[in-house]
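S.K.: I have a structure I would like to understand better, so I am pasting it below and will then ask my questions one at a time.
Residue numbers (the working numbering), protein chains in the order written: chain A, 1 to 174; chain B, 1001 to 1174.
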């Protein structure tokens, strides 16, 4: 089961930059800066978050598991980092940055040539406790999809009033 | 407000085929045939639904408003048509078909050269009652985003068990 699982993760992970590019690049700022209200994230903010995760979350955590196992807990992830790190950058440059980081990370992941038994190795999440390499890769993949979902939801909600009576048929607006 | 509104609709409508292409084409069938349980739709089924809507929903309904106003209610939309119409077709061919239909529909929409007052014209929805051209265009746009959301949600849920303890952080899995 490991080979299909790993290929299924890669098949999603490698395409996420292109999905977000198709969805957001050169879109009017009314869409890309929209939020779901105070304290919620715009599509622009989401891309900065994905960049930060490429830098400090997935591959660094995998490296910690492979080198230290459960003896060294992961660093905590800063869910607000993108508010500093995206500052002054255009959405286009963030999309470029995300795509380049993802390509590099997947090249390094493939080069690790993980063996079936390595997917069951455990690391230590600082809040969640023991987690496996397999769970880390599944979470990386699911996290991509969750943020594609979030971006499309934020955008859809902009038109909550505009759709008039059709709101009744659009569960995303409820 | 009409010019930005119309451009904002078009800016999303024209990119949806590319978004779904980036998300789904050549993806393992384990992803594209996944559902959220009995009676729910896979990504493959969603593309067939979008094709049917291109054929019989958005532009035909706009034409009815422009020609008949509220005097002729729209045809009811068949939400199950894709189960017949997609039969035997590959996902790649459905993505091609959706892209071609959307391009054609947007070319016809632009060619109508709708004037500001035409956005307020009313038609008659068979269940929802009076609706405007503006609401129809907003709904077309939001419907695209709602189905991108649905596809990413269906895919994310495949890994509900695989992510292990991280499920706690992934609200899409709840």
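Cβ coordinates follow ideal geometry from the N, Cα and C atoms, glycine included.
Using a threshold of 8 Å, state whether the C-beta atoms of residue 102(A) and residue 54(A) are closer than that.
M.R.: Going by C-beta atoms, residue 102(A) is nearer than 8 Å to residue 54(A).
S.K.: One question on the structure: do residue 56(A) and residue 144(A) come within less than 8 Å of each other, judged by their Cβ atoms?
M.R.: For residue 56(A) and residue 144(A), no; Cβs fall outside 8 Å.
S.K.: Do you know how far the Cα of residue 93(A) is from the Cα of residue 1133(B)?
M.R.: Going from the Cα of residue 1133(B) to the Cα of residue 93(A) covers about 36 Å.
S.K.: Please look up how many angstroms separate the CB atoms of residue 1030(B) and residue 1044(B), rounded, as I've assumed it's under 8 Å.
M.R.: The Cβ separation is near 12 Å, so there is no contact.
S.K.: Please check the pair residue 1125(B) and residue 1046(B), which I expect to be a contact at CB under 8 Å, by giving their CB distance rounded to whole angstroms.
M.R.: Actually they do not touch by this definition, with Cβ atoms about 22 Å apart.
S.K.: Got a sec: is the Cβ-Cβ distance from residue 1152(B) to anything in chain A below 8 Å?
M.R.: Residue 1152(B) counts as touching chain A.
S.K.: Give me, in chain order, the residues of the same chain whose beta-carbon lies closer than 7 Å to that of residue 154(A); leave out the 5 immediate sequence neighbours on both sides.
M.R.: Taken in chain order, the residues that qualify are 34, 35, 36, 42 and 43.
S.K.: Nearest CA to the CA of residue 1119(B): which residue from 1081(B), 1106(B), 1062(B) and 1099(B)?
M.R.: Here the closest residue by C-alpha is 1062(B).
S.K.: Measure from the C-beta of residue 27(A) to each C-beta in chain B and report whether the shortest distance is under 8 Å.
M.R.: Yes, its Cβ sits closer than 8 Å to a Cβ of chain B.
S.K.: For residue 1008(B), does the count of other Cβ atoms within 10 angstroms reach 16, so buried, or fall short, so exposed?
M.R.: So residue 1008(B) ends up on the buried side.
S.K.: Output needed for residue 140(A): all residues of its chain with C-beta closer than 6 Å, excluding positions within five of it in sequence on either side, in chain order.
M.R.: 58.
S.K.: Helix, strand or coil, according to DSSP, for residue 129(A) in the structure here?
M.R.: In this structure, residue 129(A) counts as strand in the three-state DSSP scheme.
S.K.: Run through chain A and tell me which residues come within less than 7 Å of residue 1159(B), C-beta to C-beta.
M.R.: Ordered by position in chain A, the residues that pass the 7 Å Cβ test against residue 1159(B) are 138, 141 and 142.
S.K.: Would residue 124(A) pass as an interface residue toward chain B - the criterion being a Cβ-Cβ separation below 8 Å?
M.R.: Judged by the 8 Å Cβ criterion, residue 124(A) is not in contact with chain B.
S.K.: In terms of residues, what are the limits of the alpha helix (DSSP H) holding residue 1087(B)?
M.R.: Element bounds for residue 1087(B): n/a, residue is neither H nor E.
S.K.: Give the secondary structure of residue 122(A) by DSSP, where H, G and I count as helix, E and B as strand, and everything else as coil.
M.R.: Residue state, collapsed to three classes: strand.
S.K.: Count the other CB atoms, across all protein chains shown, that sit within 10 Å of the CB of residue 182(A); report buried if there are 16 or more and exposed otherwise.
M.R.: One cannot answer for residue 182(A) here, as it falls past the ends of chain A, which runs 1 to 174.
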